[in-house]
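Trainee:
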Amino acid sequence: MLHRLRVAVAGLVAALLLALLARLPLRWFLQRLGAAALFFALFALPLPWLLAGDTPDWAFGPIRLSWRGVEAALLITAKAISLVTLFLIVQATAPLETTFKAAHALHIPGLLVQLSLLTYRYVFVLADELRRLRIALRVRGYRNRASRHSYRTAGHVAGTLLVRGYERAERVGQAMRCRGFDGQFRSLDKFTTHPIDIVALLLLAASAVALVVWDRTF
Amino acid sequence: MSADFAIQVRDLTFSYSDGATALAGITFAIAAGESVGLVGPNGAGKTSLFLCLSGVLKPRAGLLQVGRLDPRDPAQRRLLPTQVGIVFQNSDDQLFNATVFDDVAFGPLNLELSPEEVRKRVADSLERVGMSGMEERVPFHLSGGEKRRIALAGILAMQPSILLLDEPSMYLDPRGRRELIQLLYTLGGTRMIASHDLEMILQTCDRVLLLDRGRLIADGPARTILADAMLMEAHGLEVPYSLRGTSAPER
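First to last, the sequence lines map onto chains A and B. Under numbering that gives the first Met the number 0, think of the first position of the first sequence as 0, with each following residue one higher. Under numbering that gives the first Met the number 0, think of the first position of the second sequence as 0, with each following residue one higher.
1. Rounded to the nearest angstrom, what separates L49(A) and L4(A) at their Cα positions?
2. What in chain A is Cβ-close to S14(B), meaning under 8 Å?
3. Is the CB of L116(A) under 9 Å away from at least one CB in chain B?
4. When the Cα atoms are used, what is the spatial distance from D102(B) to S115(A)?
5. Short of 7 Å Cβ to Cβ, which residues in the stretch 177-190 of chain A face chain B?
6. Is there at least one Cβ from chain B nearer than 9 Å to R170(A)'s Cβ?
7. Identify, in the order they occur along the chain, each residue of the same chain with its Cβ nearer than 8 Å to the Cβ of N109(B), setting aside the five sequence neighbours on each side.
8. DSSP three-state label for P220(B), please.
9. How about F123(A): is its C-beta nearer than 9 Å to some C-beta of chain B?
10. Determine, using beta carbons only, whether Y170(B) and R147(B) come nearer to each other than 9 Å.
11. Bridge partners for F27(B) per DSSP, in chain order?
12. Applying the criterion that 16 or more other CB atoms from any shown protein chain within 10 Å of the CB defines a buried residue, is Y312(B) buried or exposed?
13. Beta-carbon separation of A43(A) and T84(A) under 9 Å?
14. With three or more C-beta pairs closer than 8 Å as the rule, is the stretch 54-73 of chain A touching the stretch 103-113 of chain A?
15. Based on the DSSP secondary-structure assignment, which residues constitute the bridge partners of A58(A)?
16. Measuring CB to CB, does L210(A) end up less than 9 Å from V6(A)?
17. In three-state terms, what does DSSP make of A207(A)?
18. Could you list which residues in chain A have their beta carbon closer than 8 Å to that of T26(B), in chain order?
19. Alpha carbons only, please: which of K57(B), L112(B), Q82(B) is nearest the one belonging to L68(B)?
20. Between which residues of its own chain and D196(B) is the CB-CB distance below 6 Å, once the five residues before and five after are set aside?
21. Mind checking I80(A): buried by the 16 CB within 10 Å criterion, or exposed?
22. Classify D92(B) as helix, strand or coil using the three-state DSSP reduction.
23. What does the Cβ neighbour count give for S186(A), buried or exposed, with the cut at 16 atoms within 10 Å?
24. Please report whether the beta-carbon of R163(A) lies at a distance below 9 Å from any beta-carbon of chain B.
25. What do you reckon, are the CB atoms on L230(B) and L242(B) nearer than 9 Å?
26. Under 9 Å between the Cβ atoms of R176(A) and V55(B)?
27. Look up R214(B) in the DSSP assignment and say whether it is helix, strand or coil.
28. Taking 8 Å as the limit between beta carbons, can you name the residues of its chain near F4(B), skipping five residues before and five after?
29. With respect to the alpha helix (DSSP H) encompassing L162(B), which residues constitute its N-terminal and C-terminal limits?
30. How would you call F49(B), buried or exposed, if buried means at least 16 neighbouring beta carbons within 10 angstroms?
31. Is it buried or exposed for E237(B), if we count other Cβ within 10 angstroms and need 16 for buried?
32. So with CB distances below 9 Å, who are the chain A contacts of I29(B)?
33. Can you pull out the residues from the stretch 147-160 of chain A whose beta carbon lies closer than 7 Å to at least one beta carbon of chain B?
34. Assign M191(B) to one of three DSSP states: helix, strand, or coil.
35. Could you check if A156(B) is buried or exposed, using at least 16 other CB atoms within 10 Å of its CB as the buried criterion?
36. Please state whether the Cβ-Cβ distance between I161(B) and G36(B) is less than 9 Å.
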């Protein structure tokens with residue numbers, strides 16, 4: 000949405016301020032940011048080189064850079080860090096299932112919420128199955144190599160997980176029906192809106208709009 | 000079919016979609032308040048029988064009455080969860096909510112009870128299984144015994160008159176198993192317990208149904224059937240240690 004570097008940096012500062020307000024633990028935040036940064040580096044780092052072409056703004060031997068490319072790289076980085084920060088704030092300030100239930104209270108379809116909750120519940124179970132499969136492989140001398148045997152084994156493991164996941168889904172579906180599930184998502188959690196929530200929402204919305212307007216006009 | 004029995008089954012037949020016959024002409028009746036064990040080798044059809052009784056599987060033939068409801072009729076099947084509750088072998092299949100509270104509340108919420116009633120049922124059920132105070136725990140981090148108890152609490156919260164327990168002592172360590180047996184003593188109502196743990200069956204059930212390859216082989220007092228060495232061995236089981244040395248009836 001934002002095309003200009005100074006606006007993106009302003010957005011980044013705002014996101015970091017929010018993170019400070021949310022009291023995100025620094026080490027936790029930096030660990031996750033680092034993981035995301037590695038991913039974004041793939042896209043951001045090559046830009047100064049790619050946009051240099053035949054007319055670089057700065058050259059030193061074989062290294063050729065363009066300022067436009069540097070600016071584009073910084074823009075992407077600022078936006079990416081802002082996004083990750085905002086996402087981590089949502090993740091850190093409430094348990095994930097509370098966030099899903101809040102979504103339902105805001106009229107997100109119950110089916111989506113139910114699917115998200117079930118995915119969240121069983122992704123750890125699947126991860127545990129994978130862990131046990133890997134132990135079973137190791138105790139029979141299997142080691143990951145770039146060989147046909149390895150690729151075939153990886154395929155078998157993936158297929159086994161898929162089948163086990165499917166069978167478990169059948170059983171969970173039966174268990175849900177046995178307890179009267181009729182397709183409708185129900186939850187007891189009640190969410191109340193306080194005046195401060197409305198103020199916060201308006202402030203955030205206004206800031207976002209202001210950033211976009213600034214980006215487009217000034 | 001008489002309305003006096005909690006469970007009545009006549010000539011029940013069920014096959015899976017791949018053609019394999021799971022149940023072949025089963026007939027029995029269980030009175031209200033009876034505690035009945037269901038034993039048999041792997042593949043005998045114990046789980047299939049429970050799934051037919053809870054309305055999950057549709058029988059191919061035969062008559063069925065569970066708590067005065069006919070599971071084959073769609074309208075009555077919807078009311079089944081208030082009459083019969085089934086606790087599965089693998090508690091992970093049954094604890095599918097994010098927290099313990101959400102899971103135990105799942106059944107009462109589906110019954111469209113008021114929020115106060117739902118909370119009360121959750122609190123009462125957790126207390127009955129000795130798990131009060133665990134409401135905010137995540138099912139993934141619980142031990143096998145704790146999961147089993149929470150799964151049972153989720154069923155008890157619906158206040159069914161009939162309980163079907165499929166291999167309840169599986170995955171439990173000796174202490175968990177002991178606590179489970181104690182818990183089973185405190186539960187009232189009609190109970191059917193399917194298990195390979197024949198000692199537990201002896202302790203908790205007066206009557207036993209022996210199933211093998213979808214057929215009902217024997218139906219009688221637990222101590223008599225389980226002490227019959229020839230019968231046990233002919234159907235892939237064995238006489239429990241506590242009954243060995245007792246004279247079995249000649250067959």
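Glycine included, C-beta positions come from ideal geometry on N, C-alpha and C. It should be emphasised that the depicted structure is a prediction, and the values quoted were computed from it without experimental measurement.
Mentor: Looking at the atomic coordinates:
1. For the purposes of this step, residue 49(A) is identified with residue 50 of the first sequence, where counting begins at 1. For the purposes of this step, residue 4(A) is identified with residue 5 of the first sequence, where counting begins at 1. It is roughly 19 Å from the alpha-carbon of L49(A) to the alpha-carbon of L4(A).
2. To locate residue 14(B), count along the second sequence from 1; it is residue 15. The premise fails here: S14(B) is roughly 17 Å from chain A at the closest Cβ pair, so nothing lies under 8 Å.
3. In the first sequence, the residue the question calls residue 116(A) occupies position 117. Judged by the 9 Å Cβ criterion, L116(A) is in contact with chain B.
4. As a first step, residue 102(B) is located in the second sequence; it is residue number 103 there, counting from the start. As a first step, residue 115(A) is located in the first sequence; it is residue number 116 there, counting from the start. The straight-line gap from Cα to Cα measures roughly 15 Å.
5. Correct list: C177, R178, G179, F180, D181, R185, L187.
6. Working through the first sequence from its first residue, we reach residue 170(A) at position 171. Answer yes: the Cβ-Cβ gap between R170(A) and chain B drops below 9 Å somewhere.
7. Walking along the second sequence from the start, residue 109(B) turns up at place 110. Shown here for N109(B): same chain residues with a beta carbon closer than 8 Å to its own, the five before and five after excluded, namely P80 in chain order.
8. Working through the second sequence from its first residue, we reach residue 220(B) at position 221. The answer is strand: DSSP assigns P220(B) an E or B state.
9. Counting from 1 along the first sequence, the entry for residue 123(A) is found at position 124. Yes, contact with chain B.
10. Within the second sequence, numbered from 1, the residue matching residue 170(B) stands at position 171. Within the second sequence, numbered from 1, the residue matching residue 147(B) stands at position 148. In this structure, R147(B) lies closer than 9 Å to Y170(B) by Cβ.
11. Stepping through the second sequence from its first residue, residue 27(B) is reached at position 28. When DSSP reads this structure, F27(B) sits in a beta bridge with V8(B).
12. The question about residue 312(B) has no answer, for chain B in this structure spans 0 to 250.
13. Within the first sequence, residue 43(A) is the residue found at index 44, counting from 1. Within the first sequence, residue 84(A) is the residue found at index 85, counting from 1. In this structure, A43(A) lies away from T84(A), with their beta-carbon atoms at least 9 Å apart.
14. Verdict: no, contact absent.
15. On the first sequence, residue 58(A) is found 59 positions in, with the first residue counted as 1. Answer is R63(A).
16. Here residue 210(A) refers to the residue found at position 211 of the first sequence. Here residue 6(A) refers to the residue found at position 7 of the first sequence. Contact flag set, yes.
17. For the purposes of this step, residue 207(A) is identified with residue 208 of the first sequence, where counting begins at 1. Three-state result, A207(A): helix.
18. Taking the second sequence and counting its residues from 1, one reaches residue 26(B) at position 27. Listed along chain A is no residue with a C-beta nearer than 8 Å to that of T26(B); the closest approach is about 24 Å.
19. The count along the second sequence starts at 1 and reaches residue 68(B) at position 69. Nearest to L68(B) by alpha-carbon distance, out of K57(B), L112(B), Q82(B), is Q82(B).
20. Locating residue 196(B) in the second sequence gives position 197, where the first residue counts as 1. Contacts found: S168.
21. By one-based count along the first sequence, residue 80(A) stands at place 81. If you draw a 10 Å sphere on the C-beta of I80(A), you find 16 or more other C-beta atoms in it, and that means buried.
22. Counting from 1 along the second sequence, the entry for residue 92(B) is found at position 93. Reduced to three states, the DSSP call for D92(B) is helix.
23. Walking along the first sequence from the start, residue 186(A) turns up at place 187. By the neighbour-count rule (16 or more Cβ atoms within 10 Å), S186(A) is buried.
24. By one-based count along the first sequence, residue 163(A) stands at place 164. Interface annotation, R163(A): not in contact with chain B, CB-CB separation never under 9 Å.
25. Counted from its first residue, the second sequence places residue 230(B) at position 231. Counted from its first residue, the second sequence places residue 242(B) at position 243. Taking 9 Å as the Cβ cut-off, L230(B) and L242(B) do not qualify as a contacting pair.
26. Counting from one through the first sequence, the residue named residue 176(A) turns up at place 177. Counting from one through the second sequence, the residue named residue 55(B) turns up at place 56. Going by C-beta atoms, R176(A) is nearer than 9 Å to V55(B).
27. Taking the second sequence and counting its residues from 1, the one referred to as residue 214(B) is at position 215. Strand at R214(B).
28. One-based indexing of the second sequence puts residue 4(B) at position 5. Excluding sequence neighbours, F4(B) sits near A28, I29, A30, A31, Q64.
29. Numbered from 1 along the second sequence, position 163 holds the residue referred to as residue 162(B). In the DSSP assignment, L162(B) falls outside any alpha helix (DSSP H) and lies within the beta strand (DSSP E) extending over 161-165.
30. Locating residue 49(B) in the second sequence gives position 50, where the first residue counts as 1. So F49(B) counts as buried.
31. Locating residue 237(B) in the second sequence gives position 238, counting from the first residue. Classification for E237(B): exposed.
32. For the purposes of this step, residue 29(B) is taken as residue 30 along the second sequence, with counting starting at 1. Simply none; closest approach about 19 Å.
33. If the cut-off is 7 Å between Cβ atoms, the stretch 147-160 of chain A has nothing near chain B.
34. Taking the first residue of the second sequence as 1, we reach residue 191(B) at position 192. Here M191(B) sits in strand by DSSP.
35. The residue you call residue 156(B) lines up with position 157 of the second sequence. Looking at its Cβ environment, which holds 16 or more other Cβ atoms inside 10 Å, A156(B) is buried.
36. The residue labelled residue 161(B) in the question sits at position 162 within the second sequence. The residue labelled residue 36(B) in the question sits at position 37 within the second sequence. Not a contact, by the Cβ cut-off of 9 Å.
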